[in-house]
Amino acid sequence: MALINCSECGNQISDQAVSCPGCGAPISQGLKAQTAMAYNAPKTEERKVGILLGLGIFIVPFIFVWFLLRNGHTPLARIVGFGWFGLAVLIAMGGDQDRTQSTSTSNSTSSAASQRESSRLSQIATPAAPAEPVVLREVTAQQLAAAYERNTVAADQQFKGKRFKVTGVVDSINTNFLGRPYITLRGSTNRFMQPQFELERNQTSYAARLSEGMRVTLACTGSGDVAKIPMSDECVPAI
Numbered sequence: 053m054a055l056i057n058c059s060e061c062g063n064q065i066s067d068q069a070v071s072c073p074g075c076g077a078p079i080s081q082g083l084k085a086q087t088a089m090a091y092n093a094p095k096t097e098e099r100k101v102g103i104l105l106g107l108g109i110f111i112v113p114f115i116f117v118w119f120l121l122r123n124g125h126t127p128l129a130r131i132v133g134f135g136w137f138g139l140a141v142l143i144a145m146g147g148d149q150d151r152t153q154s155t156s157t158s159n160s161t162s163s164a165a166s167q168r169e170s171s172r173l174s175q176i177a178t179p180a181a182p183a184e185p186v187v188l189r190e191v192t193a194q195q196l197a198a199a200y201e202r203n204t205v206a207a208d209q210q211f212k213g214k215r216f217k218v219t220g221v222v223d224s225i226n227t228n229f230l231g232r233p234y235i236t237l238r239g240s241t242n243r244f245m246q247p248q249f250e251l252e253r254n255q256t257s258y259a260a261r262l263s264e265g266m267r268v269t270l271a272c273t274g275s276g277d278v279a280k281i282p283m284s285d286e287c288v289p290a291i
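For the sequence shown, this note's numbering assigns the number 53 to the initial residue and increments by one for each residue that follows.
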């Protein structure tokens, strides 16, 4: 049973009544039918974002966010879901650009390393006459990093392709993509821009004995820089 308004006096009466108790006006069948349809009409229930759907949207928004378009989900849920979807798209685009730049840098470094390896092997194959001992220039890791930070061109003229001794404190010990050991020495205030020194392949055991914080002196050949990070190779322990 539902309550309806009388079309004559406006009082609320039962839809089962034949006439209005207040004014005596008869109740039309059309008004009863409309009231019954409105009362029995199905109501759209509000959908809640469940745990599984929420996890799906968070992990794979490209697929699960579209489930929020189903009837019953609130506008707030759709705004939050599609906002995260847009942010995920931007993050994915940024990751692709970073991978492209990383691949380009890796290819350049690989090509340079291959050329240096070929040059070194050709020098080994052709024995050279004994040379007079050369006094190498001595610098610290801080001085090397500061030189490249101030002026890369000037620093290349001083160190690129030249042998020198460098002294510093070990920051990390790693291997590159060719499996060769290299170390970084503390020379910059930015830990991600510390000077890198690639050791000769036969110096693997020496690298294995190193640990962070040790003070070392190496004889190296400068090979320029990558994004102002000083790079050196053919490094061996200096006496």
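We treat Cβ as the ideally placed atom computed from N, Cα and C, and that holds for glycine.
Any non-hydrogen atom of the ligand GTP closer than 8 Å to residue i Cβ
i	result
Lys280	With respect to the ligand GTP, the structure offers nothing, as it holds no ligand at all.
Sub-9 Å separation of residue i and residue j beta-carbons
i	j	result
Trp161	Val278	As written in the sequence, residue 161 is Thr, which differs from the Trp given in the question. Yes.
Gly213	Ala193	no
Ser240	Gln246	yes
Val117	Gly133	yes
Among the options, the one whose alpha carbon lies nearest that of residue i
i	options	result
Val288	Glu252, Pro78, Glu264 and Lys280	Glu252
Gly231	Arg99, Leu262 and Gln255	Gln255
Pro282	Ala197, Pro127 and Phe134	Ala197
Ala165	Lys280, Gly276 and Ile291	Gly276
Arg261	Ala271, Asn63, Ile115 and Ile235	Ile235
Phe208	Gly265, Ser284, Ile225 and Asp223	What sits at residue 208 in the sequence shown is Asp, not Phe. Selected option, being the one with the closest Cα: Ser284.
Phe229	Pro73, Ser163, Ile143 and Gly124	Ser163
Thr227	Pro73, Ala259, Val141 and Leu107	Ala259
Gly106	Glu98, Trp136 and Pro78	Trp136
Cβ neighbour criterion (16 or more within 10 Å) applied to residue i
i	result
Ser170	exposed
Arg238	buried
Ser263	exposed
Phe114	exposed
Gly274	buried
Pro73	exposed
Phe110	exposed
Cys58	buried
Beta-ladder partner(s) of residue i, from DSSP
i	result
Asn192	It should be noted that the sequence gives Thr, not Asn, for residue 192. Thr219.
Pro289	Leu270
Leu251	Cys287
Val278	Ile281
Distance between beta carbons of residue j and residue i, contact taken as under 8 Å
i	j	result
Lys280	Tyr200	5 Å
Cys9	Val218	There is simply no residue 9 to check, as the chain begins at 53 and stops at 291 in what is shown.
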